[in-house]
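Protein chains in written order, with this note's numbering: chain G, 17 to 134; chain U, 6 to 825.
So, in structure tokens, the structure goes:
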């Protein structure tokens, strides 16, 4: 599945706040968004800096501003990625992501996909 | 004072004094006022001492400045034979932050757990106390015959193991006859007080029941004020201010009474005709302060004003003694008689004749001639003549001597007699009030007209003394009667003044102190308000944001929460507006809204970080709330559960559904009731099970493309594993006596799944590198593969079979949950 497909499924989940999935929808959407983001980055590195996709997420995010022309998007991506990493884990210290949270994250992922596939 | 029953209030007193000292530094109060403020805050005893002149000291009493009680989570509530519970039933809870929902139909006895916990910890249960007798009687379970028990087990910060708090009743004992004790791990049973929770429980009270939710707002604004202001910890300040005011009031009352008594005395004095009264009045002016030294001297008789002195003098004056006068007269008369008797012998002539004859004898001796030169007779002056003449000379001299003596005696007698006629006393000329001195003065003037002639003098004395003595006697009697009359009127009022003087003196010496006390109290009151508002501001803000979550679609918005007024006029002002029209909360809110508002006030209070209670117990908060508000409540409880162990008893499925919908990890315990009040409790939901259930639901979901399902499932499984690890880690760390903050920080620091597992397995996320080999060794390669798959699958599409992965996770997570 392409990142954009994962993004769209995540959006469907949040849009319907699917009752059938109980409390899962938020978490499921976050998991899909993160994978969409990480897959997009992999795709980016293959053309921009082959081999970087094998590096840790941290290294990738440090390198990103140097290779992605939109610096602001690079920063947003770093922040979205860190937020997604947090909400995808079980947490006793944080509330699950809210709809608004997830919408913002989805918007960032969408911009990243657009920038990389352009 | 180690055995002070409320030692904790002493701690607060010390702490309050500490804070007062800080605030005093920049104040404009004088030295003495500062001392008063400090002493008042320290307590009754200190203030009394300070008024007596002691300088208040904060003694560093180690036994009092004990640390705040350690933080606690609840691990179990056990009940036997109380209310809805017959046979012993235990409600186990996972210590540490998180949401626990205890669900069950009405009448299953779930509330009995909440009530029992409250009863054990606070000694009373808000739902039972102050209720009708049927409540007090209905505490015991009817099916139960044996002893009754309510127990709470706590995980106390820094202490390995569990601390037991219990109340036990013998069969047929009354509610109040419980034996209460605490038992620390490995320790013996001791008084619950040793835990030092009493004041913390009053201040933070981590229990809220449905009935209390309703009453919190309805029982009057001052009760709510008290409940909220207690957490602000300014009781000692308020008490201190009251102490200052009480002392001042007492002094002012005394001073006022002294002034009033002064006024009454003045009135009484005005009616008195007495120069002592006038003198006291002069020293007791209407609006100025009295000259107490003068008054005291007047009352004690140390100073005697003129009139009184005159009367006293008149009452004791006397012109002389009658017998003395009579005897002097007699002596005088004798002397006169003697002189008269001597006078016939002519003492003068006898002396001249004697002198003549002496000269004649001398001439005769010279001439030795018998011829008389006077009569010219020859031989006249012979020896016989000489002898006869000498004898005559002797006789003549004797006569003269005697006459001289009589004359001297008369002179002396006259002198003595005259001396009896004293000048009238000065007071006679001056006069005295209430007596007539004129007649005596006249008689006395007559008495003073002293004749020169001794016989007349004797007559004067004899005739004039009696009338004088009589007149003097009359005046004396009149004067002493007048003096007595005045004294009789004066003495009672003098006694009254005498007993008033100390009070007036006290008032005089306290006049400046009253002003100081007033300044001190005013300062303390102003500071209390300032500090209270400072401290309340963040709580008010929190209340506001809680209400924003809870209000959902309520049209009532909470504008301001403020603490207003003092003493009997204290209240919590809840200003709300409905569609922008301002109003008072209680008037405009529905029952459900009021409950939500009460909850908004309760939660910030119960979850303050100063509270040692890391748990809150809420019984039935959902009643009369609509669906949207239940959703808000779930969200709110979820936030509270981040830092606290939130235990909610509810019969309403909606809260559980809302929690699920919001994806809040919650443990759900279901209480159901069998025959004869036998309860069964089962874990209905657990975050681990919930994640796995979700994963299974995703497998079956037809709405998601298959690849999307496979991408989501490992993430859900990983969360199940993490939830199991977190719970075990918390249990483990708290069980070892690790501090709550430290335990929570350790969990927060564990980010990757391997770190979380290391925390669960050993309480140490740093051992993440050892996890996989340990898992392989302990639970087999399949378990290790499962962990690897979860690690990768959360990020990437993996090939593993979703259902197999779920089952493997289920086994591993539950194995970890079982770890002790």
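Even glycine gets a Cβ: it sits at the ideal position worked out from N, Cα and C.
In this text, all values refer to a predicted model and were calculated from it rather than measured experimentally.
Using 8 Å for Cβ pairs, my map puts residue i next to residue j. What's the rounded Cβ distance?
i             : j             : result
residue 610/U : residue 209/U : 7 Å
residue 286/U : residue 275/U : 7 Å
residue 359/U : residue 401/U : 4 Å
Is residue i close to chain G, meaning its C-beta is less than 8 Å from at least one C-beta of that chain?
i             : result
residue 165/U : no
residue 716/U : yes
residue 801/U : yes
residue 670/U : yes
residue 743/U : no
residue 720/U : yes
residue 712/U : yes
residue 667/U : yes
residue 824/U : no
residue 160/U : no
residue 727/U : yes
Can you tell me whether residue i is helix, strand or coil according to DSSP?
i             : result
residue 18/G  : coil
residue 1/U   : In the structure as shown, chain U starts at 6 and stops at 825, and residue 1/U therefore has no counterpart that could be examined.
residue 628/U : coil
residue 174/U : strand
residue 815/U : helix
residue 690/U : strand
residue 542/U : helix
residue 300/U : helix
residue 455/U : coil
residue 654/U : strand
residue 1/U   : The requested residue 1/U does not occur in the structure, where chain U is confined to residues 6 to 825.
residue 718/U : helix
residue 384/U : coil
residue 33/U  : coil
residue 119/U : helix
Measure the Cβ-Cβ separation of residue i and residue j and say whether it is below 8 Å.
i             : j             : result
residue 178/U : residue 74/U  : no
residue 109/U : residue 675/U : yes
residue 526/U : residue 249/U : yes
residue 418/U : residue 340/U : yes
residue 495/U : residue 277/U : yes
residue 509/U : residue 306/U : no
residue 113/G : residue 46/G  : yes
residue 726/U : residue 817/U : yes
residue 555/U : residue 104/U : no
residue 763/U : residue 773/U : yes
residue 129/G : residue 62/G  : no
residue 783/U : residue 722/U : no
residue 622/U : residue 594/U : no
Leaving out the 5 sequence neighbours to the left and right, which residues in its chain are closer than 6 Å to residue i when beta-carbon positions are compared?
i             : result
residue 106/U : 653, 661, 671, 673
residue 284/U : 303, 310
residue 616/U : 209
residue 83/U  : 95, 156
residue 336/U : 418
residue 449/U : 429
residue 454/U : none
residue 322/U : 430
residue 472/U : 448
What residues in its chain sit with their C-beta under 7 Å from that of residue i, if we drop five residues either side in the sequence?
i             : result
residue 719/U : 794, 795, 798, 799, 803, 810
residue 312/U : 280, 437, 438
residue 648/U : 102, 612
residue 234/U : 537, 568
residue 629/U : 596, 597, 600
residue 605/U : 548, 551, 552, 555
residue 524/U : 34, 38
I'd like the list of long-range same chain contacts for residue i, defined as Cβ closer than 8 Å, with 5 residues on each side in sequence excluded.
i             : result
residue 366/U : 391, 394, 395, 398
residue 65/G  : 79, 83
Could you tell me whether any non-hydrogen atom of the ligand NAP is closer than 7 Å to the CB of residue i?
i             : result
residue 641/U : The model on display carries no ligand, and the ligand NAP is accordingly not part of it.
So with Cβ pairs under 8 Å, would you call residue i a contact of chain U?
i             : result
residue 104/G : yes
residue 76/G  : no
residue 38/G  : The pLDDT assigned to residue 38/G is 49, lower than 50, so where the model puts this residue is not dependable, and the model offers no usable value.
residue 68/G  : no
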